[in-house]
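Numbering (UniProt numbering) for the sequence shown: 1 to 66.
All C-beta atoms, glycine included, are put in the ideal place defined by N, C-alpha and C.
Heads up, the thing below is written out as structure tokens.
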Amino acid sequence: MEKSLGNTIEPRDLVSKFGLDAVRYYFLKEIDFGKDGDFFEKRFIEIVNANLANIIGNSTMIDLVV
């Protein structure tokens with residue numbers, strides 16, 4: 001990625017589109033601290049949906065049943 005090529009990601013744009021918690025979760029889970037990593041929006045959405053939305057949704061349903 002290079003700013004001059006225009007292929008960088010603006011963190012503020014990610015946060016405004018997806019929310020701070022989802023962005024934090026993804027980067028902490030997927031990219032090793034202090035290392036470079038790849039970002040693909042499709043992968044981001046898959047990870048957040050699989051690990052946050054589904055788990056939280058399932059937990060909510062369990063609370064409703066109990």
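Here's the rule I'm using: 16 or more other beta-carbon atoms within 10 Å means buried, otherwise exposed. How should residue i be labelled?
{"i": "Ala50", "result": "exposed"}
{"i": "Ala22", "result": "buried"}
State the Cα-Cα distance for the pair residue i and residue j, rounded to the nearest angstrom.
{"i": "Ala53", "j": "Gly34", "result": "27 Å"}
{"i": "Asn7", "j": "Leu28", "result": "22 Å"}
{"i": "Phe18", "j": "Ser4", "result": "25 Å"}
{"i": "Phe40", "j": "Ser16", "result": "17 Å"}
{"i": "Pro11", "j": "Tyr26", "result": "12 Å"}
{"i": "Leu14", "j": "Ile47", "result": "15 Å"}
Assuming residue i and residue j form a contact by the criterion Cβ under 8 Å, report the distance between their Cβ atoms to the nearest whole angstrom.
{"i": "Gly37", "j": "Ile45", "result": "Rounded, the Cβ-Cβ distance is 16 Å, inconsistent with contact."}
Could you have a look at residue i and say whether DSSP puts it in helix, strand or coil?
{"i": "Ile47", "result": "helix"}
{"i": "Asn54", "result": "helix"}
{"i": "Glu30", "result": "helix"}
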